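A.B. asks: Submitted below is the structure of interest, expressed as structure tokens.
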Amino acid sequence: MDQTTDIKIVSRDVHVYYGENEAIKGVSLEIEDNTVTAFIGPSGCGKSTFLRCLNRMNDTIDVCRVTGDIELDGHDIYAREIDPVQLRARVGMVFQKPNPFPKSIYDNVAYGPRIHGLADSKADLDAIVEHSLRRAAIWDEVKDRLDAPGTGLSGGQQQRLCIARAIATAPEVLLMDEPCSALDPIATAQVEELIHELRENYAVVIVTHSMQQAARVSQKTAFFHLGLVLEYDETGKIFTNPDHEKTQQYITGRFG
Amino acid sequence: MSKHIVTAFDAELQSISTRISEMGGLAEEQLSQALEAIRERDSELAAEVIAADVRLDKLEVDFEEFAIQMLALRQPMANDLREVVAALKIASTLERIGDLAKNISRRATYLNENQPIKVSSSIVRMGNQTRLLVSEVLDAYAARDTALAVSVWTRDVEIDEMYNSIFRELITYMMEDQHLIGLCSQLLFVAKNLERIGDHATFISEMIYYVVEGRPLGDSRPKGEPLGELPLPRPFHG
Numbered sequence: 001m002d003q004t005t006d007i008k009i010v011s012r013d014v015h016v017y018y019g020e021n022e023a024i025k026g027v028s029l030e031i032e033d034n035t036v037t038a039f040i041g042p043s044g045c046g047k048s049t050f051l052r053c054l055n056r057m058n059d060t061i062d063v064c065r066v067t068g069d070i071e072l073d074g075h076d077i078y079a080r081e082i083d084p085v086q087l088r089a090r091v092g093m094v095f096q097k098p099n100p101f102p103k104s105i106y107d108n109v110a111y112g113p114r115i116h117g118l119a120d121s122k123a124d125l126d127a128i129v130e131h132s133l134r135r136a137a138i139w140d141e142v143k144d145r146l147d148a149p150g151t152g153l154s155g156g157q158q159q160r161l162c163i164a165r166a167i168a169t170a171p172e173v174l175l176m177d178e179p180c181s182a183l184d185p186i187a188t189a190q191v192e193e194l195i196h197e198l199r200e201n202y203a204v205v206i207v208t209h210s211m212q213q214a215a216r217v218s219q220k221t222a223f224f225h226l227g228l229v230l231e232y233d234e235t236g237k238i239f240t241n242p243d244h245e246k247t248q249q250y251i252t253g254r255f256g
Numbered sequence: 001m002s003k004h005i006v007t008a009f010d011a012e013l014q015s016i017s018t019r020i021s022e023m024g025g026l027a028e029e030q031l032s033q034a035l036e037a038i039r040e041r042d043s044e045l046a047a048e049v050i051a052a053d054v055r056l057d058k059l060e061v062d063f064e065e066f067a068i069q070m071l072a073l074r075q076p077m078a079n080d081l082r083e084v085v086a087a088l089k090i091a092s093t094l095e096r097i098g099d100l101a102k103n104i105s106r107r108a109t110y111l112n113e114n115q116p117i118k119v120s121s122s123i124v125r126m127g128n129q130t131r132l133l134v135s136e137v138l139d140a141y142a143a144r145d146t147a148l149a150v151s152v153w154t155r156d157v158e159i160d161e162m163y164n165s166i167f168r169e170l171i172t173y174m175m176e177d178q179h180l181i182g183l184c185s186q187l188l189f190v191a192k193n194l195e196r197i198g199d200h201a202t203f204i205s206e207m208i209y210y211v212v213e214g215r216p217l218g219d220s221r222p223k224g225e226p227l228g229e230l231p232l233p234r235p236f237h238g
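Following this line, the structure appears as structure tokens:
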């Protein structure tokens, strides 16, 4: 494509089990830095489950077991010495439904930097909050009411606030699980524009059910089906001439 | 290819092929009649071809609207997307073939008012060959037959060679007898139009290949030599 890319995350033969049920059946994937990677596939294909492996969100589910290797910058993120909380500061996440804390707009963004001790002073913290809100393209809309509750914002604003919160800890990777499915088209466009800008500094991985959204925002697309990645390629290739019959059927809306 | 979950989408895709075939049939008929008007020195038929061109133009405008609606409303992907985009390009190519057939008919009107010369029969042969390629490429489209499409694509070189030979012949006539310049120029335009139609047929071949295979056919198509050496004018003796 237009710029050289380094590999940010490598997964090798990753399996995920929920009790007896094998949700991911051996996924090996390389996720590039400064690239938006889209995961697409029908419901239950494992794309969200796999996304959650990338910052160990699945650790919170008792019956969930992950095997195989996932490396961030060459280091195993499931290694004994890795603190999942520290990991999640490096690998941020934005969810389907905007979920701001029941706190002020300011405190929503300041929360992560505070618990990770990223600011030495109030001025530092102010700067991080402003920078994050600016990066999330919501600063102008909230700068005069930073003390107002985050839950009082519109859906689209809440989602951008959550993105600001996710990037306040200066992560390297941003995981987004259907970040626009609860948003109207204008808010969606704003978030997509934001994703486009975030790519300069982060590896962004987005799970989406919208083919058009995957096509619009990503450079690489992985097609998940029944716990496997059937096809992983340049987004332009996937949407004009996919190699796999199942990919073709899925993206063109045919019976599979 | 399995069916779409939304059945109306399948119906619209089917309609694309039907409309292209209809336009193709009309373009082929226009070409056929234009050639007949030349062969039979039939100015009345030539006038009919000229008048009928608006039908093809109308079909193209309608098709374009239909295809743009489909892009906007269905947002086709992968092979469906290739199908719609290729059809848009094929439709405008067929419309141009129609324009060239009309232009040939215009020349026919002039030619019919003058003495026939020997080269006319070479042009008729070239016309038949061109029409055959157009007909075959339309069959290839209807059947999504890439082998036939590639065959048309490679055989256009024969048309190019016929054109070059007619070109040389006409230049020779014009140098021999300057009274023939007007007539030969008209014939040259007819030959050039046929040569262009052959090129359009190869373009449709490329579109068929793209629809089916998802990648371009490439640019290694055999082409006729550039005109090469022309007969030299006789030295002028003052």
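In order, the protein sequence lines correspond to chains A and B. The numbering of the first sequence is the UniProt record's numbering, which starts it at 1 and goes up by one. The numbering of the second sequence is the UniProt record's numbering, which starts it at 1 and goes up by one. Where is the CB? At the ideal position from N, CA and C, for every residue including glycine. Since this is a predicted model, take the numbers as computed values, not measurements.
#1: I'd like to know whether the C-beta of A/F50 is nearer than 8 Å to at least one C-beta of chain B.
#2: Quick one: which chain A residues come within Cβ less than 7 Å of B/Q75?
#3: Take the Cβ of A/I31 as the centre, count every other Cβ of all protein chains shown within 10 Å, and call the residue buried at 16 or more, exposed below.
#4: Ordered along the chain, which non-local residues of its own chain (more than five positions away) have a Cβ less than 6 Å from that of B/L88?
#5: A/K47: buried (16+ other C-beta within 10 angstroms of its C-beta) or exposed?
#6: Quick check: is the beta carbon of A/D2 nearer than 8 Å to any beta carbon in chain B?
#7: Nearest by alpha-carbon distance to B/A191: which of B/D177, B/I181 and B/S165 is it?
#8: Considering A/S11, what are the terminal residues of the beta strand (DSSP E) in which it resides?
#9: To the nearest angstrom, how far is it from the Cα of A/D107 to the Cα of A/L198?
#10: Between which two residues does the alpha helix (DSSP H) containing B/D160 stretch?
#11: Provide the residue span of the alpha helix (DSSP H) that contains A/K103, from first to last.
#12: Are the C-beta atoms of B/A142 and some chain A residue less than 8 Å apart?
#13: DSSP beta-bridge partners for A/C53?
#14: What residues are listed by DSSP as bridge partners for A/R65?
#15: By how many angstroms is the C-alpha of A/F255 removed from the C-alpha of A/T169?
#16: Name the two residues that bound the continuous beta strand (DSSP E) containing A/M176.
#17: Is B/S220 buried or exposed, if buried means 16 or more other CB atoms sit within 10 Å of its CB?
#18: Could you check what DSSP says for A/M1 in three-state terms: helix, strand or coil?
#19: How about A/R254: is its C-beta nearer than 8 Å to some C-beta of chain B?
#20: Tell whether a beta-carbon distance below 8 Å holds between A/T221 and A/A38.
#21: Would you kindly work out how many angstroms separate the C-alpha atoms of B/A91 and B/V54, rounded to a whole number?
#22: On a CA-only basis, which of A/Q96, A/V109 and A/N55 is nearest A/D83? Give me that one, please.
#23: Check each candidate in B/A86, B/N79 and B/I208 and name the one with the smallest Cα separation from A/Y250.
#24: Taking Cβ positions only, does B/A78 come closer than 8 Å to chain A?
#25: What does A/F239 touch in chain B if you count any residue whose Cβ is under 7 Å from its own?
C.D. replies: This is what the structure holds:
#1: Sequence index remark: in the first sequence, residue 50 of chain A carries index 50 (1-based). Output row for A/F50: interface = no.
#2: Taking the first residue of the second sequence as position 1, residue 75 of chain B is located at position 75. By Cβ distance, chain A contributes Q212.
#3: Counted from its first residue, the first sequence places residue 31 of chain A at position 31. With 16 or more other Cβ atoms within 10 Å, it is buried.
#4: Position 88 of the second sequence holds residue 88 of chain B. Excluding sequence positions up to five before and after B/L88, its CB lies within less than 6 Å of the CB of A67, all in the same chain and listed in chain order.
#5: Along the first sequence, one-based indexing puts residue 47 of chain A at 47. Answer is buried; the Cβ neighbour count reaches 16.
#6: Start at 1 with the first residue of the first sequence, and residue 2 of chain A comes out as number 2. With a pLDDT of 48 at A/D2, under the threshold of 50, the modelled position of that residue is not reliable, and no figure is offered here.
#7: For the purposes of this step, residue 191 of chain B is taken as residue 191 along the second sequence, with counting starting at 1. Closest option to B/A191, Cα to Cα, is B/S165.
#8: Mapped onto the first sequence, residue 11 of chain A falls at position 11. It spans I7 to Y18 - the beta strand (DSSP E) in which A/S11 sits, taken as one unbroken run.
#9: The residue given as residue 107 of chain A occupies position 107 in the first sequence. The residue given as residue 198 of chain A occupies position 198 in the first sequence. So the alpha carbons of these two residues sit roughly 22 Å apart.
#10: As a first step, residue 160 of chain B must be located in the second sequence, where it is residue number 160. Residues T146 to E176.
#11: What you label residue 103 of chain A is simply residue 103 of the first sequence in a count that begins at 1. Per DSSP, A/K103 lies in no alpha helix (DSSP H) and is assigned neither H nor E.
#12: Numbered from its first residue, the second sequence carries residue 142 of chain B at position 142. By this cut-off, B/A142 is not an interface position.
#13: Position 53 of the first sequence, counted from the first residue, corresponds to residue 53 of chain A. According to DSSP, which records beta bridges pairwise, A/C53 is partnered with nothing at all.
#14: Stepping through the first sequence from its first residue, residue 65 of chain A is reached at position 65. DSSP, once it has assigned bridges, lists A/Y17 as partnering A/R65.
#15: Taking the first residue of the first sequence as position 1, residue 169 of chain A is located at position 169. Taking the first residue of the first sequence as position 1, residue 255 of chain A is located at position 255. When rounded, the distance between both Cα atoms is 43 Å.
#16: Taking the first sequence and counting its residues from 1, one reaches residue 176 of chain A at position 176. V173 to D177 is the span of the beta strand (DSSP E), which, as asked, contains A/M176.
#17: On the second sequence, position 220 is the one that residue 220 of chain B refers to. Residue environment for B/S220: exposed (fewer than 16 other C-beta atoms within 10 angstroms of its C-beta).
#18: Here the question's residue 1 of chain A lines up with position 1 in the first sequence. Bear in mind that a pLDDT of 46 at A/M1, under 50, signals an unreliable position, so the model cannot answer this.
#19: Mapped onto the first sequence, residue 254 of chain A falls at position 254. Yes, because at least one Cβ of chain B sits closer than 8 Å to the Cβ of A/R254.
#20: Here residue 221 of chain A is taken as the residue at index 221 of the first sequence, counted from 1. Here residue 38 of chain A is taken as the residue at index 38 of the first sequence, counted from 1. Inclusion of A/T221 and A/A38 in the CB contact set at 8 Å is warranted, their separation being smaller than that value.
#21: For this step, residue 91 of chain B is matched to residue 91 along the second sequence. For this step, residue 54 of chain B is matched to residue 54 along the second sequence. About 14 Å.
#22: Locating residue 83 of chain A in the first sequence gives position 83, counting from the first residue. The residue with the shortest Cα to Cα distance from A/D83 is A/N55.
#23: Here the question's residue 250 of chain A lines up with position 250 in the first sequence. The option with the nearest alpha carbon to A/Y250 is B/N79.
#24: For the purposes of this step, residue 78 of chain B is identified with residue 78 of the second sequence, where counting begins at 1. Yes, because at least one Cβ of chain A sits closer than 8 Å to the Cβ of B/A78.
#25: Numbered from 1 along the first sequence, position 239 holds the residue referred to as residue 239 of chain A. Result: M77 and A78.
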